[in-house]
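Following the numbering used here, the numbering of the sequence shown begins with 444 at its first residue and continues without gaps.
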Amino acid sequence: MLKYAIQSNFSFDNANAINFINLGKDDLLEILNIRNDIRISKWMFSNKEITQQEHFEFIKMLNMQTDRIYLAIKNKNQEILGVISLTNINLGEKSAYIGIYTNPNINAQNGSLLMQIIKHIGFKQMRLKKLFAQCLKGNNKALRFYAKEGFKEWRIIPNYINKYDKFIDVIELILTKE
Ligand SMILES: CC(C)(COP(=O)(O)OP(=O)(O)OC[C@H]1O[C@@H](n2cnc3c(N)ncnc32)[C@H](O)[C@@H]1OP(=O)(O)O)[C@@H](O)C(=O)NCCC(=O)NCCS
444 MLKYAIQSNF SFDNANAINF INLGKDDLLE ILNIRNDIRI SKWMFSNKEI
494 TQQEHFEFIK MLNMQTDRIY LAIKNKNQEI LGVISLTNIN LGEKSAYIGI
544 YTNPNINAQN GSLLMQIIKH IGFKQMRLKK LFAQCLKGNN KALRFYAKEG
594 FKEWRIIPNY INKYDKFIDV IELILTKE
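And the structure:
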């Protein structure tokens with residue numbers, strides 16, 4: 444079941460979730476641009492600009508990894524609204540870590556739509572019970588967003604990430620299936 448889900452695309456009324464491993468080159472390059480955009484990368488754990496080669500190697504590796512899924516969310520006009528991921532998928536623990544970023548070039552709040560899709564895939568398709576998110580301290584917009592979506596603060600990992608020559612705490616949040 445999981446292998447099937449890990450390689451699938453998912454269809455919704457107003458959006459499609461396309462697995463990175465099923466995307467064409469143009470879409471993958473657009474995603475690389477979004478991921479390297481400072482408005483996104485400043486909130487990611489790694490500062491570094493990702494090269495095209497690294498990006499395509501990463502996608503190639505995804506074909507062989509069964510504990511993670513990365514999806515581009517497209518609207519019906521085929522615009523990329525953002526990216527979601529479930530990683531460290533643990534069927535024993537029924538848990539996974541999520542990732543989320545919206546396309547900063549689209550002037551709309553698509554976070555809730557993306558989160559709805561994460562919850563559907565995590566809770567309904569994969570039948571997980573717990574979703575974790577890790578957020579840099581100071582990313583207040585994301586923290587407010589997670590709170591609005593029902594996530595609770597779980598623990599703080601002090602000085603976990605070295606960014607811009609500073610050690611930054613990571614706030615780990617948890618959402619449990621009702
Ligand atoms: C975090 C992210 C996914 C949120 O998506 P979004 O579409 O911008 O989210 P929303 O607008 O729905 O929610 C965020 C804001 O709306 C507010 N909001 C929207 N609807 C709300 C509601 N019904 N009740 C309370 N607050 C609400 C949130 O509090 C927050 O507002 P503020 O920053 O103006 O105070 C997006 O901003 C993003 O991609 N950020 C960069 C990458 C990132 O930080 N990812 C998370 C890494 S941990």
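Virtual Cβ for every residue (Gly too), placed ideally from N, Cα, C.
If you scan the segment 534-579 from start to end, which runs of the beta strand (DSSP E) of 3 or more residues do you find wholly inside it?
538-545, 573-579
Cα-Cα separation between L557 and M487, rounded to whole angstroms
17 Å
List the whole-angstrom C-beta distance separating L586 from I614, where the pair is believed to meet the contact cut-off of C-beta under 8 Å.
7 Å
Is any heavy atom in ligand 1 found nearer than 7 Å to the beta carbon of I561?
no
Of the residues Q508, A590, K595, L579, the one placed nearest K609, counting alpha carbons only:
L579
Could you give the distance in angstroms between the alpha-carbon of Q521 and the alpha-carbon of N459?
9 Å
Would you kindly work out how many angstroms separate the C-alpha atoms of S528 and H498, rounded to a whole number?
15 Å
Rounding to the nearest angstrom, what Cα-Cα distance links I464 and I493 in this structure?
18 Å
What residues are listed by DSSP as bridge partners for K591?
Beta-bridge pairing links K591 to no other residue.
Using the rule of at least 16 other Cβ atoms within 10 Å of the residue's Cβ for burial, across every protein chain shown, is T509 buried or exposed?
exposed
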